[in-house]
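Quick note, the sequence shown lines up with residues 1 to 430 if you use UniProt numbering.
All remarks here apply to the structure that follows.
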Amino acid sequence: MLANKSSIAFKYIYSRLTVIKNISTNIKIFEHLAHLREHFRKEEENGGAVPIFKKVLLHADHIAIKSNTTEYSYQQLYLGSKKLSIQISNICGSGASCNVAVFCENNALLPLTQWGCWMSGQVFMPLLHKIPFETLSFIIGDSKSKIIISGQLYEKIAKKLATMFDIPLIIIDYHFVPEHSINQNFLEKTLLTVGSNIFIEGTLNNDFYSCSVAMLVYNNSAAKKPKGCRITHKNLLLRIKGTSEAWDYKSSDVLLNLLPVEFNYYSVHSMMCLLSVGGKIDLGYNTNYDKIWNKILGINMPIKDKPNMLTALPSTYTKILKVYAKAFSNNPSMVEYIKNYCQLNIRLMISGSTPLPMNIFYYWYKLTGHKLLRYYETPETGAILGNPYTEDERRKRKQNSFNLQLEIQKMEGLVMLHKLYLSTPDMTIF
């Protein structure tokens, strides 16, 4: 009996000590986050550029990317990008601003590769496999790329280009991403505090990003010699900040992203904005159109995974409407349910950047109660025209017009259309 009581007492004391330890750990995490948030604020106030991969440390335990079969936390993507950045730096040198050609896929490896390039201090240069080989070889040669990164899907064409130009090739897969686990000491191991200064282990300081290039994007035209556009970190971060504020991005948002990869690698609203504030992205581009409505309506999903935002091309909305007409139009209860659900649970539906037909705008509004927010965007300018997020007497979402400047144009210091021509007139810098 005495042994029994001793065992119960021991378990009670152990559980109390565990609770106290967890509270102590949580307090340390909150303190680290508060210091880091304040550090970033001061850096930006002083004109510094804080890249996305550093800001995600504020949301390390949140889920960043969700696909049909799995999900990845910010901590996983950060550690994966760090692993990749070491390989890149071993080839290019840290902070060398070399052009890194990347065959992009529409999955979690896209932001991981971007962050890995930036963490190493290089320039992320996206490539599309569907561009003619002759054009791809021109881009590699014109940009003087130092390295090619590709997933297994495009390994064959990447190897051919790497051999042609005698440059290293890194094949990236999900082995770069560590197993999902919550490391309570992650921030403590990652941050080094010296007085009032905070340093992030294994990364360049923010002064580097204030005056360096983040991306080199060649246009997707059929031209054999496409034009390249350099986007600086500072310009990219201003685009992210401006769009996030204009469209009210929050860490609680879940974005159903139905855009193809050629929009995701430069269109800040589709990935970068939400990742910068700690939100979740459901990459559903390859989802069968018959199942898209299941995702929009959050069917068989936990509440935390149900989307409250949607972005797609006009052609995608057209296909989704065709599925609606076939599956729901003759079912009055489903028609009513879909409209009510979308109005109550989804705060924003976005269409761009190709033109949206008037009839699609009208029918989508009629069926979901949402006026699609349209925008116009190019790699050179970012999103410069669009409908307002919040409507008023002056700014309304009209089906035949989206020629209003976005609120981001009013941000002090943001000159979206300013061009500085480099030594070659075939490339511009923003």
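Ideal Cβ placement from N, Cα and C applies to all residues, glycine included.
According to DSSP, which residues form a beta bridge with aspartate 253? According to DSSP, which records beta bridges pairwise, aspartate 253 is partnered with nothing at all.
Can you tell me whether phenylalanine 40 is helix, strand or coil according to DSSP? Phenylalanine 40 falls in the helix class under three-state DSSP.
Ordered list of alpha helix (DSSP H) runs contained in the region 264-338, each at least 4 residues: 272-277, 289-296 and 314-327
I'd like to check one pair, proline 379 with valine 217: are the Cβ atoms closer than 7 Å? yes
Closest residue to isoleucine 148 among Glu134, Asp166, Phe133 and Thr135 (Cα-Cα distance): Asp166
Through-space distance from methionine 164 to tyrosine 249, alpha-carbon basis: 43 Å
Going by DSSP, what residues sit across from glutamate 201 in a beta bridge? Bridge partners of glutamate 201: none, in fact.
Around the C-beta of glutamine 152, are 16 or more other C-beta atoms found within 10 angstroms, so that it is buried, or is it exposed? Label assigned to glutamine 152: exposed.
Within 10 angstroms of the Cβ of proline 126, are there 16 or more other Cβ atoms? Answer buried if so, exposed if not. By the beta-carbon neighbour count (other beta carbons within 10 angstroms, threshold 16), proline 126 is buried.
Check whether leucine 256 and lysine 295 have beta carbons under 7 Å apart: Yes, the Cβ-Cβ distance between leucine 256 and lysine 295 is below 7 Å.
Secondary structure of lysine 146, DSSP reduced to three states: coil
Run the CB neighbour count on asparagine 340, radius 10 Å, all protein chains shown included, and call it buried at 16 or more, exposed below. Around the CB of asparagine 340, fewer than 16 other CB atoms lie within 10 Å, so the residue is classed as exposed.
Which of helix, strand or coil DSSP assigns to tyrosine 239: Note that residue 239 is arginine in the sequence shown, not tyrosine. Helix at arginine 239.
Who are the Cβ neighbours of lysine 306 in its own chain at under 6 Å, not counting the five residues just before and after it? Gly298
Closest to proline 226 by C-alpha separation, out of Leu128, Tyr78 and Gly116, would be which residue? Residue Leu128 is the option with its Cα nearest to proline 226.
Under the rule that 16 or more other beta-carbon atoms within 10 Å means buried, what is glutamine 343, buried or exposed? exposed
Boundaries of the alpha helix (DSSP H) in which lysine 160 is found, first to last residue: Start and end: 155-165.
As assigned by DSSP and simplified to three states, the class of glycine 116: helix
For leucine 356, collect the residues of the same chain with a Cβ closer than 6 Å to its Cβ; drop the 5 residues on either side in sequence, then sort them by chain order. Pro314 and Arg374
Tell me lysine 66's beta-bridge partners as DSSP assigns them. Bridge partners of lysine 66 according to DSSP: Glu71 and Asp282.
Among the candidates Asn359, Tyr78, Leu310 and Ser89, whose CA atom is the shortest distance from the CA of alanine 108? Closest by alpha carbon: Tyr78.
Could you have a look at valine 177 and say whether DSSP puts it in helix, strand or coil? It is coil, neither helix nor strand.
Could you check if arginine 37 is buried or exposed, using at least 16 other CB atoms within 10 Å of its CB as the buried criterion? exposed
Please confirm whether valine 213 and valine 268 have their CB atoms less than 7 Å apart. no
Relative to the C-alpha of tyrosine 289, which candidate in Met309, Ile281, Tyr317 and Gly279 has its C-alpha closest? Tyr317
Shortest alpha-carbon distance to leucine 274 belongs to which of Glu105, Thr70 and Lys55? Lys55 is the residue among Glu105, Thr70 and Lys55 whose C-alpha sits nearest the C-alpha of leucine 274.
Candidates Asn308, His32 and Phe133: closest to lysine 224 by CA position: Phe133
Delimiting residues of the beta strand (DSSP E) encompassing threonine 193: 191-194
Nearest-angstrom Cα separation, counted from leucine 258 out to leucine 192: 39 Å
Proximity to tyrosine 265 [Cα-Cα], best of Val254, Leu236 and Gly279: Nearest C-alpha to tyrosine 265: Leu236.
Taking the alpha-carbon of arginine 41 as reference, which of Cys117, Ile198 and Gly141 has the nearest alpha-carbon? For the set Cys117, Ile198 and Gly141, the Cα lying nearest the Cα of arginine 41 is the one of Ile198.
Straight-line Cα distance separating alanine 327 from leucine 367: 13 Å
At which residues does the alpha helix (DSSP H) containing threonine 368 begin and terminate? 358-368
Rounded Cβ spacing between glycine 278 and serine 251 (contact assumed at less than 8 Å): About 4 Å separates the two Cβ atoms, so the contact holds.
Report yes if the CB atom of cysteine 92 is closer than 7 Å to the CB atom of lysine 146, and no otherwise. yes
To the nearest angstrom, report how far apart tyrosine 365 and proline 260 are at their CA atoms. 23 Å
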